[in-house]
Amino acid sequence: MPPLTADSLWADVLAVRQQQPLVHNITNFVVMNYSANALLALGAAPVMAHAREEVRDMAGIAHALVLNIGTLSPEWIEAMVMALQTARARGLPVVLDPVGAGATPYRNQAIAQLLAAGSPTVLRGNASEVLSVAGVQSATRGVDSAIASDDALHAAQALASHLGAVVCVSGATDHILAPDGRHARLSNGHVWMTRVTGVGCSASALTGAFCAVQADAFRATTAAMAYLGVVGEVAAEQVRAQGRGVGQMQIALLDGLQLLDAQTFKARLRLHHDE
Amino acid sequence: MPPLTADSLWADVLAVRQQQPLVHNITNFVVMNYSANALLALGAAPVMAHAREEVRDMAGIAHALVLNIGTLSPEWIEAMVMALQTARARGLPVVLDPVGAGATPYRNQAIAQLLAAGSPTVLRGNASEVLSVAGVQSATRGVDSAIASDDALHAAQALASHLGAVVCVSGATDHILAPDGRHARLSNGHVWMTRVTGVGCSASALTGAFCAVQADAFRATTAAMAYLGVVGEVAAEQVRAQGRGVGQMQIALLDGLQLLDAQTFKARLRLHHDE
Amino acid sequence: MPPLTADSLWADVLAVRQQQPLVHNITNFVVMNYSANALLALGAAPVMAHAREEVRDMAGIAHALVLNIGTLSPEWIEAMVMALQTARARGLPVVLDPVGAGATPYRNQAIAQLLAAGSPTVLRGNASEVLSVAGVQSATRGVDSAIASDDALHAAQALASHLGAVVCVSGATDHILAPDGRHARLSNGHVWMTRVTGVGCSASALTGAFCAVQADAFRATTAAMAYLGVVGEVAAEQVRAQGRGVGQMQIALLDGLQLLDAQTFKARLRLHHDE
């Protein structure tokens, strides 16, 4: 395949804005509101539904499914399995965000249960989470990561091959790895994005929206992470120039998801390929 | 009854600010925070409680009950039925927001179960949701609506008569329909209000607060929708003039709910009656 | 012990920023997002987890535990008991926020069940809630309080002695009472802090973070309340000077939690001791 370009990624942004895909989220309580607002700002349509009685129907009308294990309980895992199976049967893209993988045995069991029910199209997490899912022991500390994304690269590539899924390791550098060996690196973003709860989870939600309009999940994931990264670094610069902080960052991120223009995106994008 | 005037609706705003009614919400996870903040900004007092073990007691001390089915599960439906029965027995106003009605069979069953337990005082939804509740088939797509509110008018009037409840169909034009045939149309608001999650749900919560201080539910609902509509259009103008987006819109809406003054409200109000 | 000083309290702020303690929250749905953002803004690391299957493990890796009963259900109470027992066994500080105590019998039972499982390190609530926990009858109205914090002082002191815990009664004046008779009064803050949902709950979450880095829970609680109080009054002044309202207040509070400097803190602090 030809290498990704800023033009091709921007085309995906425009496709989301135009097609307004319906993204079914089964996600954690902390970030539901922010993820919904991020999807709306981007131009997609969010729906949150978790009851075992309706997740199959909801996944049946959605254009993408996003699963996030941040605040689990047994009923939610069952519902995620049901929705995952429906989505896979329909050929719907599925994004899995293994929040806090490695933090507790229960989270690891939940991830194993989900992966046994079907591979996701994309798995996105920080280095600690990806290493944990890949079976490499690590001490996850809540939902943040003290491990550099670069250090999870080999495990992530092996995981991508094993799952047949795109694996995205987010961090100072975002790595996107395809089962066929493609590898994109993004060095946009700002550290303040880790000081607003739900930005990582929203990255997964946005990835779902991009996968709904772009069948190449590697490209879709790269577009989502690139877009959010550029939005985040522009927002951080604006907020800091105003003497404001991470509260305002939360709002500026949403503004940017709606308003970022092609020129800024293309001028700012720092995308590298390893083939 | 005499037609509604800007003065009478504003009197209801002042009554909410002064009486600070306690509004018991059993609502969805996505919008709980925003609904609580909207009620606080307006001057009302929110309480969220959903356990079957306490909803009867909470509905027993509240001044209004708001039910919203956005993120259902069986225990929540049971709790809503209990709270609804308590509220009806106490003569408390009840607002029902049938979020996503028509999207899944489970939501339709839930609505049927709630309506069997007792009619709400007010049912508020978008055109798609109201058509679904009225038994007219439609393809709801998540929680937004591709159908114009005007197209739900006949079904909404029939539903109002059938339920003996005020029915509000929100959209570019908000229609408020009373069982006795009164019909108010509001053409305030701004399309960006649909790009912030929970604004529709907050409209239902605010309607609960207005019903707590104004016994004529038709007037109370019109006041709530008018107030929110004017707040929303002023907020959108300010936000756009600043070059900001839907993130800032979310905040400006809350500011406006607190600070909107009588002069702006009366000058901006676009209220029409059909009798 | 020597009386608390602005310098000693500020040292605790710096310790939180430097040590970034992991705070495990089992809290209510309304405030989860805001509490997480408040902890992140402060410089701490939040994790929310409520499943009975993992709360023991999560409390086992955290530096503090915060329990908040705002939106209870039976499974959540069980999980809180489990986490509380684990935390106590580990010598971990535990903050209990008895939201809505006295509003329903169910909440009172839940509090009794939690206290039977182990005393918290700190109990923080408004006057109505503290009076209710202390066994003094009062009519709580949702989660706000119509009773002045001063009127709960005797009950709060008795409760502190009985529980062997620090009791904090928040209000126009914040009272912090230690089992050994120490009593600090803070008169910072602004009434708009009660118009943003979750500020009180965030006070409890922040108290958890301070207790994680400062073994004297009386000092830690005073530092948390002092910091939030100064942040709140500065934020309110800025927001009002801009002609903005409680929406913007919500954001300015988070900005302030991140950016407040030593000079402003020390100049603004209004701390009084009764010994």
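Residue numbers (this note's numbering), protein chains in the order written: chain V, 1 to 275; chain Z, 276 to 550; chain U, 551 to 825. Beta carbons are placed, not taken as given, at the ideal position from N, Cα and C, and that holds for glycine.
Cut-off 8 Å between Cβ atoms - residues of its own chain near residue i, not counting five sequence neighbours on either side
i, result
"A595 (chain U)", "Q570, P571, L572, V573, L589"
"R543 (chain Z)", "N463, V505, E508, V509"
"N587 (chain U)", "L804"
"A447 (chain Z)", "A423, S424, S462, G464, V466"
6 Å CB neighbourhood of residue i in its chain, flanking five on each side removed
i, result
"A224 (chain V)", "L206, T207, F210"
"H822 (chain U)", "R735"
"D824 (chain U)", "H733"
"T621 (chain U)", "N578, F579"
"I147 (chain V)", "A127, S128"
"A62 (chain V)", "L22, H24"
Cα-Cα separation between residue i and residue j, rounded to whole angstroms
i, j, result
"N578 (chain U)", "A165 (chain V)", "35 Å"
"E233 (chain V)", "S170 (chain V)", "15 Å"
"V330 (chain Z)", "N658 (chain U)", "14 Å"
"A79 (chain V)", "R820 (chain U)", "51 Å"
"H175 (chain V)", "V213 (chain V)", "21 Å"
"A378 (chain Z)", "M58 (chain V)", "7 Å"
"T744 (chain U)", "M799 (chain U)", "11 Å"
"L284 (chain Z)", "Y656 (chain U)", "38 Å"
"G366 (chain Z)", "L810 (chain U)", "49 Å"
"I699 (chain U)", "A516 (chain Z)", "Sequence inspection shows Ser at residue 699 (chain U); the Ile mentioned does not correspond to that position. Approximately 43 Å, taken between the alpha carbons."
"A708 (chain U)", "A728 (chain U)", "10 Å"
"L438 (chain Z)", "A391 (chain Z)", "10 Å"
"L153 (chain V)", "A160 (chain V)", "10 Å"
"F265 (chain V)", "S35 (chain V)", "21 Å"
"D701 (chain U)", "R769 (chain U)", "23 Å"
"M309 (chain V)", "L228 (chain V)", "Only positions 1 to 275 of chain V appear in this structure, which leaves residue 309 (chain V) out of reach."
"L359 (chain Z)", "I344 (chain Z)", "13 Å"
"D557 (chain U)", "R794 (chain U)", "33 Å"
"V196 (chain V)", "V471 (chain Z)", "18 Å"
Contacting residues, own chain, Cβ-Cβ under 7 Å from residue i (five flanking each side not counted)
i, result
"M582 (chain U)", "M598"
"A430 (chain Z)", "V405, L406, A409, V411"
"T86 (chain V)", "R56, A59, G60"
"V43 (chain V)", "Reading the sequence as shown, one finds Gly at residue 43 (chain V) and not Val. Hits under 7 Å: V16, R17, Q20."
"A561 (chain U)", "none"
"V717 (chain U)", "L673, V680, A706, L709, A710, L727"
"A776 (chain U)", "L559, L736, N738, L819, L821"
Within 8 Å, strictly: CB atoms of residue i and residue j
i, j, result
"R363 (chain Z)", "G335 (chain Z)", "no"
"L617 (chain U)", "L564 (chain U)", "no"
"V741 (chain U)", "D530 (chain Z)", "no"
"N126 (chain V)", "G200 (chain V)", "yes"
"I386 (chain Z)", "W351 (chain Z)", "no"
"R399 (chain Z)", "S479 (chain Z)", "yes"
"V122 (chain V)", "T221 (chain V)", "yes"
"A326 (chain Z)", "P368 (chain Z)", "no"
"A217 (chain V)", "Q238 (chain V)", "no"
"A651 (chain U)", "L807 (chain U)", "no"
"P395 (chain Z)", "V370 (chain Z)", "yes"
Classification of residue i by the beta-carbon crowding that lies within 10 angstroms, buried from 16 upward
i, result
"Q263 (chain V)", "exposed"
"T5 (chain V)", "exposed"
"E328 (chain Z)", "buried"
"P373 (chain Z)", "buried"
"M357 (chain Z)", "buried"
"A765 (chain U)", "exposed"
"Q293 (chain Z)", "exposed"
"G456 (chain Z)", "exposed"
"A236 (chain V)", "buried"
Contacts of residue i in chain C (Cβ-Cβ under 9 Å)
i, result
"L803 (chain U)", "Checking the listed chains, one finds no chain C in this structure; the protein chains it contains are V, Z and U."
- Task: Would you list, in chain order, the members of the stretch 7-31 of chain V that have their beta-carbon closer than 8 Å to a beta-carbon of chain U?
- Result: Within the stretch 7-31 of chain V, the residues whose Cβ lies closer than 8 Å to some Cβ of chain U are N28, F29, V30, V31, listed in chain order.
- Item | Under 9 Å (Cβ pairs) to chain U, residues found in the stretch 193-208 of chain V | Residues passing the 9 Å Cβ filter: T194, R195, V196, T197, G198.
- Item | Members of the stretch 41-53 of chain V that neighbour chain Z once the beta carbon cut-off is set at 9 Å | Under the 9 Å Cβ criterion, the stretch 41-53 of chain V contributes A41, G43, A45, P46, V47, M48, A49, H50, A51, R52, E53.
- Message: By the 8 Å beta-carbon criterion, what residues does the stretch 64-80 of chain V contribute toward chain U?
- Response: Going along the stretch 64-80 of chain V in chain order, one finds G70, T71, L72, S73, P74 with a Cβ nearer than 8 Å to chain U.
- Task: With 7 Å as the C-beta to C-beta threshold (strictly closer), list the residues of the stretch 807-818 of chain U near chain V in chain order.
- Result: Answer in chain order: Q808, L809.
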